[in-house]
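Heads up: the sequence shown runs through residues 533 to 793, numbered per my numbering.
Beta carbons: idealized from backbone N, C-alpha and C, even for Gly.
Bear in mind the structure is a predicted one, so any value in this text is a computation, not a measurement.
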Amino acid sequence: ARATATEGSQSAPLGALAHLLPPGIGDERCDLVAVVAELRPVLEDQTPAGPLVLLVDDLHLLDATSATIVSHIVDADPVFLVATVRSEAPLPAAVEALWHRARVRRVDLEDLDRAAVGTLLHLVLRGPVEAATVAEIWTASQGNVLLVRELVLGALDRVHLVEQRGVWRLVGPLVTTPRLRELIAARLGRLPPTTVDVLDMLAVWEPAGLATLEAIVGAAQLELLDRHGLLTVRIDGRRQEVRLAHPLYGEILRERMPGLT
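What follows is the structure, encoded as structure tokens:
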């Protein structure tokens with residue numbers, strides 16, 4: 533079974549799990565103990581050969597009621613939980629408590645290196661990929677799997693990524709997809725307006741010297757962006773250079789700027 537938590541579903545108790553619950557369970561008159569008591573035999577009847585595998589995408593966005601119920605049914609054994617959580621996201625208390633159970637295994641998914649991106653592209657496209665194409669996709673995505681996915685989909689849609697003589701290669705520029713622009717815009721939209729102004733500045737100026745940038749915008753703004761994973765700082769000799777974490781951020785920021793800006 534699969535559930536996807538969203539910011540919209542957070543406002544409704546059991547919003548993310550409602551489609552998985554039998555009718556009558558989760559009535560607003562029921563307390564959590566009653567819901568878990570009703571749900572457990574239903575789950576056991578549905579999966580006599582073993583626990584139900586439940587995939588919850590963006591577990592950190594579960595409403596408090598759903599998070600508590602998931603925690604209870606994992607402890608009660610009728611569910612084997614596989615869940616994803618964004619690394620920088622704050623966690624509900626019930627979800628954070630899962631981390632501390634000895635039976636829970638946490639796997640941190642880091643950005644892929646160039647070789648791993650090449651392997652991923654080979655598997656997805658079911659054929660070898662030109663080394664220059666792998667390098668271009670890796671450079672644009674910095675190994676972020678979500679960005680790799682959207683770049684490849686956009687290139688396939690525009691027929692910029694084609695198979696020639698059994699090898700996949702780019703024959704046109706990488707382009708962003710509407711979904712990718714929406715995802716990045718949503719992430720940037722949660723930042724204070726003054727912080728977004730700093731990103732706009734970097735989008736047309738990077739790489740910028742750290743000392744110069746601090747003198748213009750202040751250290752606090754840069755530290756906030758750094759905590760959100762939106763900046764990288766590289767030492768080049770005696771100079772510290774600040775860039776946006778992904779080249780795509782700059783492209784999307786520049787696209788939405790007015791011409792005069």
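Unbroken alpha helix (DSSP H) run spanning residue i, endpoints
{"i": "E668", "result": "A663 to S673"}
{"i": "D729", "result": "P725 to W737"}
{"i": "G526", "result": "Within the shown structure, residues of the chain are numbered from 533 to 793, placing residue 526 beyond reach of any answer."}
{"i": "D758", "result": "A751 to R759"}
{"i": "E642", "result": "Where E642 is concerned, there is no enclosing alpha helix (DSSP H), given that its DSSP letter is neither H nor E."}
{"i": "L685", "result": "V677 to D689"}
Distance between residue j and residue i (C-alpha atoms, nearest Å)
{"i": "H692", "j": "V649", "result": "18 Å"}
{"i": "A535", "j": "A717", "result": "24 Å"}
{"i": "E539", "j": "H632", "result": "25 Å"}
{"i": "A615", "j": "W737", "result": "39 Å"}
{"i": "H778", "j": "G675", "result": "10 Å"}
{"i": "L723", "j": "A735", "result": "16 Å"}
{"i": "L657", "j": "A647", "result": "15 Å"}
{"i": "A752", "j": "E642", "result": "26 Å"}
{"i": "R561", "j": "T708", "result": "In this prediction, R561 scores a pLDDT of 49, lower than 50, which makes its location untrustworthy; the coordinate-derived value is nonetheless stated afterwards. One C-alpha to the other measures close to 47 Å."}
{"i": "H654", "j": "I748", "result": "45 Å"}
{"i": "E620", "j": "H760", "result": "7 Å"}
{"i": "V639", "j": "V617", "result": "10 Å"}
{"i": "G721", "j": "V774", "result": "21 Å"}
{"i": "P710", "j": "D689", "result": "12 Å"}
{"i": "A581", "j": "A599", "result": "25 Å"}
Backbone secondary structure at residue i - three-state DSSP
{"i": "V611", "result": "strand"}
{"i": "R561", "result": "Model confidence at R561 stands at a pLDDT of 49, short of 50, so the residue's coordinates are unreliable; what they give is reported in the following sentence. Correct three-state label for R561: coil."}
{"i": "A548", "result": "coil"}
{"i": "A621", "result": "coil"}
{"i": "L707", "result": "Sequence inspection shows Val at residue 707; the Leu mentioned does not correspond to that position. It is coil, neither helix nor strand."}
{"i": "A634", "result": "coil"}
{"i": "L796", "result": "Residue 796 lies beyond the range of the chain shown here (533 to 793); nothing can be said about it."}
N- and C-terminal bounds of the beta strand (DSSP E) containing residue i
{"i": "A535", "result": "R534 to T536"}
Identified DSSP bridge partners for residue i
{"i": "R701", "result": "V694"}
{"i": "V585", "result": "F612"}
{"i": "V765", "result": "V774"}
{"i": "G782", "result": "Its beta-bridge partners do not exist; DSSP assigns none."}
{"i": "A740", "result": "V774"}
Residue i beta carbon near the ligand ATP (any heavy atom closer than 7 Å)
{"i": "G791", "result": "Ligands are entirely absent from the displayed structure, and the ligand ATP is therefore not among its contents."}
Cutoff 8 Å; reference residue i; Cβ partners in own chain excluding five residues on either side
{"i": "R713", "result": "I784 and E787"}
{"i": "T793", "result": "D732"}
{"i": "T727", "result": "Q753, L756 and L757"}
{"i": "L706", "result": "E668, I669, A672, L683, G686, A687 and H692"}
Cβ neighbours of residue i in the same chain (closer than 6 Å, five flanking residues each side left out)
{"i": "G547", "result": "S541 and D595"}
{"i": "E662", "result": "V699 and R701"}
Neighbourhood of residue i by C-beta, 7 Å cutoff - its chain only, sequence neighbours within 5 removed
{"i": "V636", "result": "L630"}
{"i": "V703", "result": "H692 and V694"}
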